[in-house]
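Here the structure comes first, spelled out in structure tokens, and everything after it is commentary.
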Amino acid sequence: MSMTPPKEEYQSNLPPIPRQTSLEIMREMVAACAVGDFPRFKSTLDAWTPLNLDIHKLSSVMIQAVRRDQTDVVAELLHQGLSISQDYALESIRHRSKGVLNILLQHGWDINQPTSELRPPALGYAVDDEEMTLWLLDHGADPNKQCSIDLTPLSYAVEQAPLSTVKLLLDRGGDVHKGQLLHHAVERQTDTIEVLGMLLERELL
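First residue of the sequence shown? That's 1 in our numbering, and the numbers climb one at a time after it.
Listed below in structure tokens is the structure:
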């Protein structure tokens, strides 16, 4: 019979090796975006993936990338499974990030989805910028798309957009019978008579 004592499991007295927390990794990604360093961002994201952390916690990183029109970062986050949010589209419009909008479209963003139950699609938030309005129209935006109430992108336009943008939307299929346009037009600060004239002229056609 062996008299060899059983081996005891070795337990180190050394402290555990520290690992980056998810917050630290996120801060590193934001810092990389701030200086436009995509390789640094990518290597940091690669450190996130093995930790099985929730990719949707990176929405703040996405917003940072959208604001800086960093299409490579946006595309990578979407590729890794971050869901498309209307907030990203609206932020892209505010910052005139057409490249980001194009990436969102490529990944399945519905350009005509209302931004909320009581708010129209993204086109309604671009009407102060005729160039952006035209871009969205050229990519399938519908000026007549309603949310759960009778409110359309054209409703916002007749209330606050320049005359040229109102005309553009009407010429591109704007329907004067949707969106309570006369009601919104009388709320304008300027050019009220001109916009009402446009609408009444279309009403009679």
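Even for Gly, the Cβ is constructed at its ideal location relative to N, Cα and C.
- An exposed status is given to Asn52, since fewer than 16 other beta-carbon atoms sit within 10 Å of its beta-carbon.
- Rounded to whole angstroms, Glu24 and Trp135 show a C-alpha spacing of 38 angstroms.
- The continuous stretches of alpha helix (DSSP H) do not include Gln113, and DSSP gives it neither H nor E.
- Asp191: not part of any alpha helix (DSSP H); DSSP gives it neither H nor E.
- Arg119 carries a strand assignment under DSSP once its states are collapsed to helix, strand and coil.
- Closest in C-alpha terms to Lys145, from the list Pro114, Asp129, Glu159 and Ser164, comes Pro114.
- Within the same chain, and ignoring the five residues on either side of Ile103 in sequence, the residues whose Cβ sits closer than 6 angstroms to its Cβ are Thr71, Val74 and Ala75.
- Residues Leu123, Thr152, Pro153, Leu154, Leu169, Arg172, Gly173 and Gly174 of the same chain have their beta carbon placed closer than 7 angstroms to that of Pro143, with the five preceding and five following residues left out of the count.
- Here DSSP, grouped into helix, strand and coil, assigns Asn102 to helix.
- For Gln160, the three-state secondary structure derived from DSSP is helix.
- As the crow flies, the alpha-carbon of Gln160 is around 19 angstroms from that of Cys147.
- For Cys33, the enclosing alpha helix (DSSP H) begins and ends at Ser22 to Ala34.
- No Cβ-Cβ contact shorter than 8 angstroms links Val158 with Leu118.
- Per DSSP, Ile93 is one residue of the alpha helix (DSSP H) stretching across Gln86 to Arg94.
- Nearest C-alpha to Asp138 among Gln64, Ser116, Leu105 and Gln86: Leu105.
- With a beta-carbon spacing of about 5 angstroms, Leu77 and Met62 fall inside the 8 angstroms limit used to define contacts.
- In this structure, the CA atom of Val166 is about 18 angstroms from the CA atom of Asp150.
- Around the beta-carbon of Gln64, 16 or more other beta-carbon atoms lie within 10 Å, marking it buried.
- For Asp138, the enclosing alpha helix (DSSP H) covers residues Glu130 to Asp138.
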